[in-house]
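Let me begin by presenting the structure, written as C-alpha cells, before commenting on it.
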Amino acid sequence: AQKITQTQPGMFVQEKEAVTLDCTYDTSDPSYGLFWYKQPSSGEMIFLIYQGSYDQQNATEGRYSLNFQKARKSANLVISASQLGDSAMYFCAMRGRTSYGKLTFGQGTILTVHP
Amino acid sequence: ETGVTQTPRHLVMGMTNKKSLKCEQHLGHNAMYWYKQSAKKPLELMFVYSLEERVENNSVPSRFSPECPNSSHLFLHLHTLQPEDSALYLCASSRGLAGEATGELFFGEGSRLTVL
Chain G
16 AQKITQTQPG MFVQEKEAVT LDCTYDTSDP SYGLFWYKQP SSGEMIFLIY QGSYDQQNAT
76 EGRYSLNFQK ARKSANLVIS ASQLGDSAMY FCAMRGRTSY GKLTFGQGTI LTVHP
Chain X
3 ETGVTQTPRH LVMGMTNKKS LKCEQHLGHN AMYWYKQSAK KPLELMFVYS LEERVENNSV
63 PSRFSPECPN SSHLFLHLHT LQPEDSALYL CASSRGLAGE ATGELFFGEG SRLTVL
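In order, the protein sequences belong to chains G and X. Residues 16 to 130 (our numbering) make up the first sequence, in order. Residues 3 to 118 (our numbering) make up the second sequence, in order.
Shown next, in the form of C-alpha cells:
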C-alpha cells in the first residue's frame with residue numbers, strides 16, 4: 016500500500032519569496048516515482064516535477080525544485096521567487112513500480128501568494 | 003488547447019437521470035484514467051484503461067460504468083447516482099502503464115458533477 020501525507024492544509028507566502036510545501040510518503044515498493052501537481056481554480060491538474068526513487072540528484076524544473084530525502088521519506092516542493100499566479104492547490108503524489116501507472120495523491124496544500 | 007479535453011465541464015442531474023462524461027486525449031497515449039475528487043478528500047482512482055482494456059476497477063459502485071472505445075476516448079456513464087457522488091471527475095492519460103514508460107499523467111480540467 017502507498018500513502019502520501021501533506022500536513023499543511025494552507026500556506027501563505029509573499030510575492031518573490033520562496034516557499035516549501037511538505038510531503039511525506041510511505042510505500043513498500045523498492046522503486047517508485049514522486050510527483051507534484053498544481054491545481055488552479057479552473058480544475059485542471061498541471062504536472063510540475065518528477066523525482067525517481069533512484070535518482071541521485073534532486074529534480075529541478077525552472078522555479079520548482081524537489082527536496083528529496085529518501086531516508087526520511089520526504090519529497091518537499093520548493094517554489095522560488097513566488098508569483099501571484101502560483102496561488103493554487105498543490106498535490107504530492109506517488110506511483111509504485113507495480114501500481115499500473117496509477118497515482119496515489121495526498122490531501123493537498125492551498126498556497127496563497129500575497130502581493 | 004489542452005491535451006486532454008473533458009465534456010461537459012459542469013453537469014447537474016437528478017438521481018434518476020442517465021448521463022455520460024466524455025474524455026478525449028490528443029497526445030497519442032495508451033493509458034487513460036478516471037479519478038474522483040471530492041471536497042476535503044484526496045483524489046481517488048476509479049478506473050484504469052490500457053489499450054482500451056480495463057486493467058483496474060477500484061471497487062467503484064456499478065452506477066458508474068466506464069467505456070473506452072479506442073485509445074483516445076474514455077467515457078463514464080452515470081445512472082441512478084446519489085448526492086454523495088457529487089464531485090469533480092478528472093480524466094487523465096499517460097504514455098503507458100509500466101515503469102518509466104508511464105511518464106507523468108496529463109489531466110483534463112474535469113467535469114463538475116452535482117447530483118440533486
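Just so you know, even glycine gets a beta-carbon here, dropped at the ideal spot from N, CA and C. None of the values given here were measured: they were computed from a predicted structure.
Less than 7 Å between the beta carbons of residue i and residue j, yes or no?
i	j	result
M26 (chain G)	T124 (chain G)	yes
G121 (chain G)	Q21 (chain G)	yes
Q66 (chain G)	M104 (chain G)	no
V94 (chain X)	S40 (chain X)	Reading off the sequence, residue 94 (chain X) comes out as Ala, not Val. Contact: no.
F62 (chain G)	Y69 (chain G)	no
L1 (chain X)	P68 (chain X)	Residue 1 (chain X) cannot be examined here, being either before or after the span of chain X that is shown, 3 to 118.
L47 (chain X)	N60 (chain X)	yes
S74 (chain X)	E26 (chain X)	yes
Would you call residue i buried or exposed, if buried means 16 or more other Cβ atoms sit within 10 Å of its Cβ?
i	result
H31 (chain X)	buried
S80 (chain G)	buried
G100 (chain G)	exposed
R56 (chain X)	exposed
Y37 (chain X)	buried
V14 (chain X)	exposed
K20 (chain X)	exposed
T116 (chain X)	exposed
L23 (chain X)	buried
P44 (chain X)	buried
G77 (chain G)	exposed
A74 (chain G)	buried
G16 (chain X)	exposed
T42 (chain G)	buried
N91 (chain G)	buried
Q84 (chain G)	exposed
S57 (chain G)	exposed
F64 (chain X)	Position check: residue 64 (chain X) holds Ser in this sequence, whereas Phe was assumed. It counts as exposed.
A33 (chain G)	exposed
A86 (chain G)	exposed
L118 (chain X)	exposed
Per DSSP, which one or two residues make a beta bridge with residue i?
i	result
T119 (chain G)	G:M109
P68 (chain X)	X:L78
H129 (chain G)	G:Q29
Q84 (chain G)	G:S89
L118 (chain X)	For L118 (chain X), which the question treats as bridged, DSSP gives no partner whatsoever.
N59 (chain X)	X:F49
T18 (chain X)	Its beta-bridge partners do not exist; DSSP assigns none.
H12 (chain X)	X:R114
E76 (chain G)	G:Y79
G48 (chain G)	G:G67 and G:R110
E26 (chain X)	X:T7 and X:H75
Could you check how far apart the C-beta atoms of residue i and residue j are, in whole angstroms? I think they sit under 8 Å.
i	j	result
T35 (chain G)	V93 (chain G)	5 Å
G112 (chain X)	A33 (chain X)	That belief does not hold up - the Cβ atoms of G112 (chain X) and A33 (chain X) are roughly 18 Å apart, past 8 Å.
Q17 (chain G)	G116 (chain G)	Not a contact, Cβ separation roughly 13 Å.
T7 (chain X)	G110 (chain X)	6 Å
L107 (chain X)	L118 (chain G)	6 Å
T127 (chain G)	S95 (chain G)	17 Å between Cβ atoms; not a contact.
Whole runs of the alpha helix (DSSP H) within the stretch 18-46 of chain G, excluding any shorter than 4 residues: none
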